[in-house]
Amino acid sequence: MEIQDPLYGKIKIEDPLITELIETPEMQRLKKIHNNGIYFYFYPAANWKKFDHSVGVWYLLKKFGASREEQIAGLLHDISHKVMAHVMDHFYGSQIKSDHQDSIHLQVMNAGKVEQILKQNNFDTFSLSDLGSWALLDNELPNLCVDRLEYTLRDSLQINFSDLNLHKEILNNLYQTDNGLTFKTLSAAKKFADLSHKMQTEFWHINWGCYSYELMAEIIKYALNNNYISEDHFWLGDQEMIDLLDSKNDPWIEEKLGRFKNIMKTSLIGSKKDYDLILPYKCRIVDPWIGGWRLSEIDEEFKKKFEAEVARAKEGHYIKLNKLKNEASLKKK
Numbered sequence: 272m273e274i275q276d277p278l279y280g281k282i283k284i285e286d287p288l289i290t291e292l293i294e295t296p297e298m299q300r301l302k303k304i305h306n307n308g309i310y311f312y313f314y315p316a317a318n319w320k321k322f323d324h325s326v327g328v329w330y331l332l333k334k335f336g337a338s339r340e341e342q343i344a345g346l347l348h349d350i351s352h353k354v355m356a357h358v359m360d361h362f363y364g365s366q367i368k369s370d371h372q373d374s375i376h377l378q379v380m381n382a383g384k385v386e387q388i389l390k391q392n393n394f395d396t397f398s399l400s401d402l403g404s405w406a407l408l409d410n411e412l413p414n415l416c417v418d419r420l421e422y423t424l425r426d427s428l429q430i431n432f433s434d435l436n437l438h439k440e441i442l443n444n445l446y447q448t449d450n451g452l453t454f455k456t457l458s459a460a461k462k463f464a465d466l467s468h469k470m471q472t473e474f475w476h477i478n479w480g481c482y483s484y485e486l487m488a489e490i491i492k493y494a495l496n497n498n499y500i501s502e503d504h505f506w507l508g509d510q511e512m513i514d515l516l517d518s519k520n521d522p523w524i525e526e527k528l529g530r531f532k533n534i535m536k537t538s539l540i541g542s543k544k545d546y547d548l549i550l551p552y553k554c555r556i557v558d559p560w561i562g563g564w565r566l567s568e569i570d571e572e573f574k575k576k577f578e579a580e581v582a583r584a585k586e587g588h589y590i591k592l593n594k595l596k597n598e599a600s601l602k603k604k
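This is the structure in structure tokens:
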């Protein structure tokens with residue numbers, strides 16, 4: 272199997288088990304789930320899918336010498352994401368940790384074709400689903416791991432925050448240690464850390480981004496409470512869910528969906544004394560290792576902005592909604 276990827280070029284997959292897993296319904300479904308939740312609806316450039324990311328994670332794990340078992344865990348690590356991915360963390364109230372998919376990962380792995388294939392090949396779904404046991408794949412923040420590396424590079428490329436030359440420099444400067452992925456040079460470490468900070472503050476968790484997730488979760492709750500959808504629909508693709516909601520011709524849903532049209536252009540900034548919502552969020556900034564030192568231990572400028580964003584994430588965005596104009600339903604076909 273060969274997959275042409277915008278980041279890595281032609282990816283050749285010679286392991287028949289990996290090919291078989293990629294072709295399962297669980298993996299193919301990820302072609303309909305976007306990396307950045309509801310962003311695709313109002314931000315056309317944000318169009319990468321969880322499938323692209325998952326194959327990229329497998330590719331990087333293989334590149335960095337991970338075991339075959341860890342490569343499989345990496346390929347499958349996102350199959351438990353429901354519709355619009357981390358929007359569902361807001362639905363379930365787990366947006367600070369962004370971990371709803373982890374809580375059901377074993378259940379999903381045991382529920383379909385993936386389980387059959389793994390058992391036939393003598394792999395244990397329990398150990399594969401324990402993502403925290405794979406230090407290269409998944410590591411505690413603010414460490415760098417392959418999952419975090421891949422989505423930072425992929426997401427930043429799609430919105431022109433990075434380019435392939437920077438990606439090449441970063442990937443060629445990484446090696447594996449007991450601390451996970453570690454940089455060889457201070458320059459490359461700082462470039463990646465600054466990119467991580469830029470993505471955090473200007474894309475992943477900017478105020479309109481956090482509110483868009485909260486708003487979409489509110490719409491899904493409303494649709495569920497009004498019997499427009501059931502929890503079975505949580506396994507639809509992103510556009511399929513939008514089409515289903517649009518088909519109900521409900522004025523409340525139309526008004527809420529219409530808010531997305533100008534969400535990036537409208538000031539939502541409130542204050543501690545004047546706000547409609549407080550939205551705490553996850554800080555995804557990486558404080559990378561260079562040898563035995565963290566970047567924050569040797570770069571005072573980065574340390575200050577890293578610590579400031581960690582504190583800001585815990586406090587959350589103060590959102591003021593009265594400036595957000597109500598628009599007609601934005602139908603993205």
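Oh and the sequence shown: position 294 is 565 in our numbering, straight run, nothing missing.
Beta carbons: idealized from backbone N, C-alpha and C, even for Gly.
Item, Value
"By DSSP, does glutamate 340 sit in helix, in strand, or in coil?", "helix"
"Please determine if the segment 512 to 522 and the segment 542 to 549 are in contact, where contact requires at least 3 C-beta pairs separated by less than 8 Å.", "no"
"Over what stretch of residues does the beta strand (DSSP E) that includes threonine 665 continue unbroken?", "Given a span of 272 to 604 for the chain in the structure shown, any question on residue 665 remains unanswerable."
"Could you tell me how far apart the beta carbons of valine 358 and tyrosine 484 are, in whole angstroms, since I believe they sit closer than 8 Å?", "5 Å"
"Can you round the beta-carbon distance between lysine 461 and aspartate 570 to whole angstroms, since I take them to be within the 8 Å contact cut?", "6 Å"
"Starting from glutamine 372, trace the alpha helix (DSSP H) both ways and give me its first and last residue.", "371 to 374"
"How do the segment 322 to 332 and the segment 416 to 427 stand: do at least 3 beta-carbon pairs fall below 8 Å, yes or no?", "yes"
"Which partner residues does arginine 565 have in the DSSP bridge list?", "Trp560"
"Kindly give me the distance between the Cβ atoms of alanine 584 and histidine 476, rounded to whole angstroms, as I take these residues to be in contact under 8 Å.", "7 Å"
"Kindly indicate which three-state DSSP category glutamine 510 falls into: helix, strand or coil?", "helix"
"In whole angstroms, what is the alpha-carbon distance linking valine 328 and leucine 507?", "23 Å"
"By the three-class DSSP mapping on this structure, what secondary structure does tyrosine 312 have?", "helix"
"Quick test of the definition: if touching needs 3 or more C-beta pairs under 8 Å, does the segment 311 to 321 touch the segment 394 to 401?", "no"
"By how many angstroms is the C-alpha of glycine 562 removed from the C-alpha of aspartate 517?", "53 Å"
"Check whether the segment 379 to 393 and the segment 342 to 351 are in contact - that is, three or more C-beta pairs closer than 8 Å.", "yes"
"What is the C-beta distance between threonine 453 and tyrosine 446, in whole angstroms, given that I count them as a contact (C-beta under 8 Å)?", "6 Å"
"Assuming valine 385 contacts threonine 295 (C-beta within less than 8 Å), just tell me the rounded distance between them.", "5 Å"
"Rounded to whole angstroms, what is the Cα-Cα separation between tryptophan 523 and glutamate 586?", "30 Å"
"Does the Cβ of glycine 280 have 16 or more other Cβ atoms within 10 Å, making it buried, or fewer, making it exposed?", "exposed"
"So for phenylalanine 531, helix, strand or coil by DSSP?", "helix"
"On the CB-based measure, 16 or more other CB atoms within 10 Å of its CB, does glutamine 372 come out buried or exposed?", "buried"
"What are the residues that DSSP puts in a beta bridge with serine 325?", "Answer is none; serine 325 lacks a bridge partner."
"Tell me the DSSP secondary structure of serine 600 in three-state form.", "For serine 600, the predicted structure reports a pLDDT of 38, less than 50, and the residue's modelled location is therefore unreliable. The matter cannot be settled from this model."
"By DSSP, does phenylalanine 577 sit in helix, in strand, or in coil?", "helix"
"Would you call serine 404 buried or exposed, if buried means 16 or more other Cβ atoms sit within 10 Å of its Cβ?", "exposed"
"Who are the near neighbours of alanine 500 in its chain, counting only those whose CB is closer than 6 Å to its CB and skipping five residues on each side?", "Checking the displayed sequence, the identity of residue 500 turns out to be isoleucine instead of alanine. Excluding positions up to five away in sequence, the list reads Ala494."
"Which residues mark the beginning and the end of the alpha helix (DSSP H) in which threonine 396 is found?", "396 to 400"
"Buried or exposed: which applies to glutamate 273, given that a residue is buried once 16 or more other Cβ atoms fall within 10 Å of its Cβ?", "exposed"
"Asparagine 463: which of Val581, Arg555, Phe311 sits nearest, CA to CA?", "This sequence places phenylalanine at residue 463; asparagine is not what is there. Checked all of Val581, Arg555, Phe311; the closest Cα to phenylalanine 463 is Arg555."
"Below 6 Å CB to CB, which residues in the same chain sit around tyrosine 482 once its five sequence neighbours on both sides are set aside?", "Leu539, Ile590"
"Can you tell me whether glycine 280 is helix, strand or coil according to DSSP?", "strand"
"According to DSSP, is glutamine 391 helix, strand or coil?", "helix"
"Just to confirm the assignment, what range does the beta strand (DSSP E) spanning glycine 451 have?", "451 to 454"
"Where leucine 528 and alanine 488 are concerned, what is the direct C-alpha to C-alpha distance, given to the nearest angstrom?", "11 Å"
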